[in-house]
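Working notes for the structure below.
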Amino acid sequence: MSTRVSARVGARIDEVRAEGRAALVGYLPLGYPTLDASVDAVRAMVGAGVDIVELGLPYTDPVIDGPVVADAVDAALRAGVRVRDLFGAVEAIADTGAQVLVMTYWNPVLHYGVEAFAADLAAAGGAGLITPDLIPDEADEWIAASDAHDLDRVFLVAPSSSTERLAITAAASRGFVYAASTMGITGTRARVGERAEQLVADTRAAGAERVCVGLGVSNGAQAAEIAAYADGVIVGSALVRALDGVDPADPDLTRLTDLTRELAAGVRA
């Protein structure tokens, strides 16, 4: 049974809720286009209006990543980015004042050691993990470690989730529940999944305090649409795509910051 500790990401969502808006959660992968440039890009994204950072840990066998994210992660891995690079990057980003969640598949955490990973993430100033391939039923070790180190844990629900699954996930999550807007992989879409709003309502009815929606959001209009019914709007592939062609030696982050400002305006509409 988990011990209830503070939810730093949840507190940030509550702060922006008091402003009458949803939170903007921005994803970028560690190491793309280079390690240093990825940290600079995330910091720029925060400066342009992201409330909560989702920092992706590169992994060789992604499950939920679409082609844009998968290609960026592959480039980071080929450049030599590894788990050891994560904690310094988290520390540099946390210095901005943003809450930093690491999005990681479970194998790297297991390989590093669950307790050691949690301890090092907490020491770096990280807020917790988003774990797309870990279900609460099999997360006892992570739940204990996250409680011990005061870290948030974000599990996912999808349109296919049963009422029982929604309740289990809501009870185990801390910070927010990640609602995947559609069945599929990440990537920009012309329309956000039609079942997203109902999924948010069902997840709240199952006990979730906060529900954020991701997958498919790429512009301010879509962000505004989701912000009308969710506690947060999660954007990934569109932000990663804004880094395409950026020269790491002389990075021009104008496209990234312009898109971030558009999305930030969307959650404030």
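Residue numbers for the sequence shown follow the working numbering, beginning at 13 and rising by one. Beta carbons are placed, not taken as given, at the ideal position from N, Cα and C, and that holds for glycine.
* Going straight from the alpha carbon of Leu251 to that of Leu271, what length do you get? -> Cα to Cα, Leu251 sits roughly 7 Å from Leu271.
* To do: Give me the Cβ distance between Asp243 and Val223, rounded to the nearest whole Å; I'm assuming they're in contact under 8 Å.
  => 6 Å between Cβ atoms; contact.
* Would you list the one or two residues that DSSP bridges to Met115? => Bridge partners of Met115: Gly68 and Ile142.
* Asked: What does Val37 pair with, by DSSP beta-bridge criteria?
  -> Note: Val37 is bridge-paired with Ile64 and Ile246 in the DSSP secondary-structure output.
* Assess, as a yes-or-no matter, whether the region 251-268 is touched by the region 210-221 under the definition of 3 or more beta carbon pairs within less than 8 Å. => Contact check between the region 210-221 and the region 251-268: fewer than three CB pairs, one atom from each, fall below 8 Å, which does not count as touching.
* **Simplified DSSP assignment, three categories, for Asp97** => Reduced to three states, the DSSP call for Asp97 is helix.
* From what residue to what residue does the beta strand (DSSP E) around Arg165 run? -> Its beta strand (DSSP E) spans residues Asp164 to Val166.
* What did DSSP end up calling Tyr190 once you bin it into helix, strand or coil? -> In the structure shown, Tyr190 sits in a strand (DSSP, three-state: E or B).
* Backbone CA spacing between Val114 and Ile105 [nearest angstrom] -> Whole-angstrom Cα-Cα distance: 11 Å.
* In terms of DSSP beta bridges, what is Gly278 paired with? -> Answer by DSSP bridge pairing: none, since Gly278 is not bridged.
* For Val279, collect the residues of the same chain with a Cβ closer than 6 Å to its Cβ; drop the 5 residues on either side in sequence, then sort them by chain order. => Closer than 6 Å at Cβ, skipping near neighbours: Arg33, Ala34, Leu36, Ala235, Ala239 and Val245.
* Counting pairs of beta carbons, one from the region 75-85 and one from the region 125-139, are three or more of them closer than 8 Å? -> The region 75-85 vs the region 125-139: no contact.
* Taking the DSSP output, what are the residues bridged to Gly257? -> Under the DSSP definition of a beta bridge, Gly257 lacks any partner.
* Who are the Cβ neighbours of Asp149 in its own chain at under 8 Å, not counting the five residues just before and after it? -> So the list reads Ile180, once near-sequence residues are dropped.
* Roughly how many whole angstroms lie between the Cα atoms of Glu127 and Asp26? -> Per the coordinates, the alpha-carbon of Glu127 lies some 29 Å from the alpha-carbon of Asp26.
* What are the boundary residues of the beta strand (DSSP E) that Val223 is part of? -> Counting along the chain, the beta strand (DSSP E) containing Val223 begins and ends at Val223 to Gly226.
* Please determine, among Val95, Gly43, Asn231 and Val58, the residue with the shortest C-alpha to C-alpha distance to Leu275. => Measuring from the Cα of Leu275, the nearest candidate turns out to be Asn231.
* In whole angstroms, what is the alpha-carbon distance linking Ala19 and Thr116? -> Between Ala19 and Thr116, the C-alpha separation is close to 19 Å.
* How would you write the range of the alpha helix (DSSP H) that Leu42 sits in, first residue to last? -> Taken as a continuous stretch (DSSP letters only), Leu42 belongs to no alpha helix (DSSP H), as it is neither H nor E.
* Residues bridged to Val169 (per DSSP) -> BP columns for Val169 point to Ala191.
* Measure the C-alpha to C-alpha separation of Arg16 and Val95 and round it to an integer number of angstroms. => Reliability fails at Arg16, whose pLDDT of 48 lies under 50, so the model's placement of it is uncertain and the value that follows must be treated cautiously. Those two C-alpha atoms are separated by around 28 Å.
* Asked: With distances taken between CB atoms, is the gap from Thr108 to Val58 smaller than 8 Å?
  -> Yes. Within cutoff.
* Cβ separation of Val169 and Ala184, assumed to be a contact under 8 Å, to the nearest whole Å -> Not confirmed; about 11 Å, so no contact.
* Spatial distance of Glu176 from Asp259 (CA atoms) -> Approximately 48 Å, taken between the alpha carbons.
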